[in-house]
Each structure stands twice: as structure tokens, then as C-alpha cells.
Amino acid sequence: FRSAAVKAKTEAQTDLWKKPNSSSNPSKAGGVGACAPESLDINMAATPNNALRIVLVGKTGSGKSATANAILGEKVFDSRIAAHAVTKTCQKASREWKGRELLVVDTPGLFDTKKTQDKTCKEISRCVLASCPGPHAIVLVLRLGRYTQEEQQTVALMKILFGEAAMKYMIILFTRRDELGDQSLSDFLKDADVNLRSLLQECGDRRYAISNSGKTEQAEKEAQVKELLELIDKMVQDNQGAYFSDPIYKDIDQKLKQQEECLKKVYEDELQNQMKLIEKEYANEPQEEKDKQIKWF
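Mind the numbering: the sequence shown is residues 1 to 297 in the UniProt record's numbering, read in order.
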């Protein structure tokens with residue numbers, strides 16, 4: 001799957017900025033449509049500068065959407081037990097936390113048997129748009145239990161898509177915490193697969209366990225989310241507030257700034273045109289009436 005992942009990442013970066021097709025974009029000749037690529041959703045990309053950006057990744061059925069809902073404090077994303085991926089495309093939602101916006105991006109499950117790996121890789125790569133200019137935390141969601149070959153492939157794929165540097169911003173989150181019983185997560189990991197222990201070492205041993213079970217008390221869920229967010233916040237502080245950046249993120253950030261400038265110019269030009277029309281239409285009217293009309297803009 002390595003070649004498919006590399007190919008998908010490259011194509012996703014290209015597809016995000018492909019030129020609009022004249023048949024699907026009647027505004028190609030001018031106006032806002034002339035500077036807005038048809039594959040770019042600026043609303044998906046726009047995030048406040050002080051937002052804490054979190055991207056959840058993992059294989060199908062790991063519990064990403066349920067975890068995202070827990071972090072957000074409400075059911076925003078569709079989450080249920082299913083044999084196939086419930087989340088088909090990248091989604092994002094936000095809430096306020098400690099006086100700043102907390103942005104959560106939920107991604108499609110990896111290795112979904114209903115979807116080709118090439119398409120899934122492209123969708124994961126496109127999630128950079130939702131977390132632009134880059135996530136402060138990449139949370140790899142794993143189900144508590146045996147570290148399967150499929151999950152190892154998921155990790156390998158993450159490294160291909162985001163690069164080894166992403167490990168500095170990664171936290172391993174285990175779901176189904178209730179299955180630990182009286183055992184602590186640390187004790188459980190002592191006997192874990194050597195590959196899982198190696199992964200934890202690469203991530204600076206940043207790990208946590210959460211229970212999304214309906215049997216778990218709401219107060220306990222909230223306490224778990226609080227501890228998870230504090231772990232993420234500590235990692236951000238250790239990284240001196242830096243967020244993960246990759247050439248694809250830098251390219252997108254640059255394109256977004258270009259589009260913002262383009263839209264600003266279109267707006268200013270339109271405003272000037274409207275003011276000229278008012279001056280012409282109300283040429284013989286008192287200045288007070290002209291000012292009154294201009295205020296509408």
C-alpha cells in the first residue's frame with residue numbers, strides 16, 4: 001500500500017488546486033468564481049488563528065467519531081457499530097475550551113473494505129484543508145486489545161501520509177477503557193506487543209484511554225475528556241505552541257491567502273462600482289442623501 005499512499009498524497013495536493021472547469025463553473029470569466037478553485041471549500045478551511053486543531057485518525061471501527069463527539073460534548077458526528085466506515089468524508093466541528101476554539105476533525109476510517117485504499121488516502125490527505133495551517137495534535141485512535149496487523153498498517157500509512165515528523169504531534173488514544181477493568185493502562189501496556197511499545201516510544205509515550213460506552217457515567221466521560229485535553233494541551237506547550245506542518249499544508253496555506261486577497265479585491269472593486277453608481281444616480285441630490293445610500297454598503 002506504500003505506493004498507493006504516496007500517489008494519493010501527491011494527487012490530493014494537485015486536486016485541491018485544479019483549475020475550475022468552464023462547464024461546471026460559469027463564473028470562470030470573472031467575479032468571485034474566477035479566483036475560487038471549484039474543489040476548494042473556503043468555509044471548510046477557514047479557522048481562527050488561535051484555534052486548537054485536533055485531527056483524529058485510525059482504522060475503521062476504532063471509535064474516532066464517538067471520541068470526537070465526546071470531545072465536543074455533544075453528538076455531532078454519526079457514530080454507531082457498523083461493519084463498514086460510517087464516516088465517508090472529512091468532517092469538522094468546534095467548541096470553546098479555556099477561552100479558545102477547539103477544532104476537531106474526524107477522518108474516514110483506514111482500510112475500509114468498501115472503499116479503495118487510493119480513495120481513502122486521498123480523503124485523508126484532503127483533511128489537511130480542514131485543519132489548515134496544520135493540526136496541533138494528531139490523535140491516533142486504537143481499540144484496546146491486541147495490536148493487529150491491520151492497525152500496524154494503519155500506523156505505517158500515517159507515517160507515509162504525514163511523515164515521521166508527525167510523531168512529535170501524535171497521541172495514542174485507546175478506546176474501550178472499560179475493558180481494562182481494575183487494571184491500569186500502564187500495566188496493560190507492559191505486556192503489549194513489541195511493535196505497539198515501539199510506537200508509544202516514538203510518540204514520547206503520550207497515551208490515554210477513554211470509554212465511549214453507553215454504560216459509562218456522563219460525569220466519568222467528562223472527566224476523561226478533560227484529562228485527554230489536558231494531555232493534548234501539555235503536548236502543545238512542550239512543542240512551544242507549534243503545530244504540525246508539511247509541504248502540503250504550506251502549499252494550502254499559501255493558496256488560501258492568495259484566494260483571500262483575491263476575494264478582498266473583488267469585494268473592493270464591487271464596492272467602488274456601487275459607489276460610482278450612487279454618485280451618478282443621486283448627482284442632483286443633497287450630500288446627506290448620497291451618504292445615506294452609501295451607508296447600506
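C-beta: ideal position from N, C-alpha, C; glycine also.
Keep in mind the model is a prediction, meaning the values are calculated, not measured.
- When the five nearest sequence neighbours on each side are left out, the beta carbons in the same chain lying within less than 8 Å of the beta carbon of N195 are those of Y147, Q152, in order along the chain.
- Following the DSSP letters along the chain, one finds S65 inside the alpha helix (DSSP H) bounded by residues 64-72.
- When secondary structure is reduced to three states using DSSP, S211 falls in the coil class, being assigned neither helix nor strand.
- Excluding its 5 nearest sequence neighbours in each direction, D178 has C-beta neighbours in its own chain below 8 Å: S211, S213, K215, T216, listed in chain order.
- Secondary structure note for V236: its alpha helix (DSSP H) is the uninterrupted segment 218-238.
- DSSP places T89 in the coil class of the three-state scheme, outside both helix and strand.
- Here A93 really is in contact with L72; their C-beta atoms are around 6 Å apart, less than 8 Å.
- Exclusion of the five residues before and after P135 leaves R53, I54, V55, V105, Y169, Y243, F244 as the residues of its chain whose Cβ lies within less than 8 Å of its Cβ.
- Only exposed fits R95, as fewer than 16 other CB atoms lie within 10 angstroms of its CB.
- A check of alpha carbon separations from N69 across C127, D193, L103 identifies L103 as the nearest.
- In the structure shown, the three-state DSSP call for E285 is coil.
- Between Y208 and L228, the beta carbon gap of about 5 Å places them in contact (Cβ cut-off 8 Å).
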